[in-house]
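Under my numbering, think of the first position of the sequence shown as -2, with each following residue one higher.
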Amino acid sequence: MYIHIDEPTETISKNAAKVWRISNTIGHTIVLIIIAILLLCTEKFDWYNWVGITLYVLGGLFIISAVFSIIIEPVYLQKTWRYQVDKDFVQLKFGRWEQQHILIPMEKVEYVRTEQGPLMRRYGLYEIEIGTTASNHKIPAIPADTAKTLKAEIATYAKIRDNEAEKGEVGA
-2 MYIHIDEPTE
8 TISKNAAKVW
18 RISNTIGHTI
28 VLIIIAILLL
38 CTEKFDWYNW
48 VGITLYVLGG
58 LFIISAVFSI
68 IIEPVYLQKT
78 WRYQVDKDFV
88 QLKFGRWEQQ
98 HILIPMEKVE
108 YVRTEQGPLM
118 RRYGLYEIEI
128 GTTASNHKIP
138 AIPADTAKTL
148 KAEIATYAKI
158 RDNEAEKGEV
168 GA
């Protein structure tokens, strides 16, 4: 009655932690600058005392959050991410405490695409998005050559047609 499905074994790139650290550092720096500007405005414009106290508390909490999301979280995510693609399923597994194991049947896959932002381009990484009728799932930080192969492999298994290629063939 039950079928045996092997655990996913493929890992994401080691550079994922670097990309996530840089991205989180940029985001946290922007928010800390905004909090610092608001603190300066509190002093300059003599706002209520509770506003300054609240901003100091938020700044402190945000610094603790920044330490976690810049130093600890990227390494943790990179070590726990696993994926596997075969002719029946796309498997995604990540998380240590709150572990998620997602099985996407190939017959439910409607599209697959790759994304690459400026930081990921610098490190030669792509993010693969797999879309189904109900939701979409992402595999982060895949090296460029692997991502292109994986995208084609998923599209082949799911029998996704490339409409642009078909239109080009008709007109040729």
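Glycine is no exception: its CB is placed at the ideal position from the N, C-alpha and C atoms.
By DSSP's criteria, Tyr108 is part of a beta bridge. Which residues make up the other side? Taking the first residue of the sequence shown as 1, we reach residue 108 at position 111. Beta-bridge pairing links Tyr108 to Gly128.
Among residues of its own chain, excluding the 5 on either side of Thr82, which ones have a beta-carbon nearer than 7 Å to its beta-carbon? Reading the sequence shown from its first residue, position 85 is the one you call residue 82. Residue 82 is actually Val in this sequence, not Thr. The residues are Leu147, Glu150 and Ile151.
Range of the contiguous beta strand (DSSP E) that encloses Tyr209: Absent from the structure is residue 209, since the part of the chain shown begins at -2 and ends at 169.
Close-in-space but distant-in-sequence residues of the same chain around Gly168 (CB under 6 Å, 5 per side omitted): Walking along the sequence shown from the start, residue 168 turns up at place 171. Bear in mind that a pLDDT of 40 at Gly168, under 50, signals an unreliable position, so the number given afterwards is only what the model happens to contain. Hits under 6 Å: none found.
Taking all protein chains shown into account, do 16 or more other C-beta atoms lie within 10 angstroms of the C-beta of Phe91, making it buried, or fewer, making it exposed? Stepping through the sequence shown from its first residue, residue 91 is reached at position 94. By the neighbour-count rule (16 or more Cβ atoms within 10 Å), Phe91 is buried.
For the candidate residues Ile0, Ala13 and His1, whose alpha-carbon lies nearest to that of Arg79? Stepping through the sequence shown from its first residue, residue 79 is reached at position 82. Out of Ile0, Ala13 and His1, Ala13 has the C-alpha closest to the C-alpha of Arg79.
Using the Cβ count rule (16 or more neighbours within 10 Å means buried), how would you classify Trp94? For this step, residue 94 is matched to residue 97 along the sequence shown. Per the 10 Å Cβ criterion, exposed.
At least 3 beta-carbon pairs within less than 8 Å: the region 114 to 130 vs the region 10 to 25: yes
Environment of Ala162 [buried if 16+ CB atoms lie within 10 Å]: What you label residue 162 is simply residue 165 of the sequence shown in a count that begins at 1. Unreliable placement is indicated for Ala162, whose pLDDT of 48 sits below 50; the coordinate value is still reported in the next sentence. Exposed is the call here.
Thinking Leu122 and Val16 are a contact (beta carbons under 8 Å), I'd like their distance in whole angstroms, please. Sequence index remark: in the sequence shown, residue 122 carries index 125 (1-based). Sequence index remark: in the sequence shown, residue 16 carries index 19 (1-based). Rounded, the Cβ-Cβ distance is 6 Å, consistent with contact.
Smallest Cα separation from Gly128: which of Thr153, Pro140 and Val109? Position 131 of the sequence shown, counted from the first residue, corresponds to residue 128. Looking at the Cα atoms, Val109 is the closest of the given residues.
Say yes only if the C-beta of Trp44 is nearer than 7 Å to one or more non-hydrogen atoms of the ligand FMN, and no if none qualify. Summarising the ligand content, the structure contains no ligands, and the ligand FMN is consequently not present.
Just list the residues that DSSP pairs Glu172 with in beta bridges. Any property of residue 172 remains undetermined from this structure, which presents the chain solely from -2 to 169.
Taking all protein chains shown into account, do 16 or more other C-beta atoms lie within 10 angstroms of the C-beta of Ala155, making it buried, or fewer, making it exposed? Along the sequence shown, one-based indexing puts residue 155 at 158. Buried is the call here.
Starting from His25 and walking both ways along the alpha helix (DSSP H), at which residues does that stretch end? Sequence index remark: in the sequence shown, residue 25 carries index 28 (1-based). Segment Ala13 to Lys41, the alpha helix (DSSP H) holding His25.
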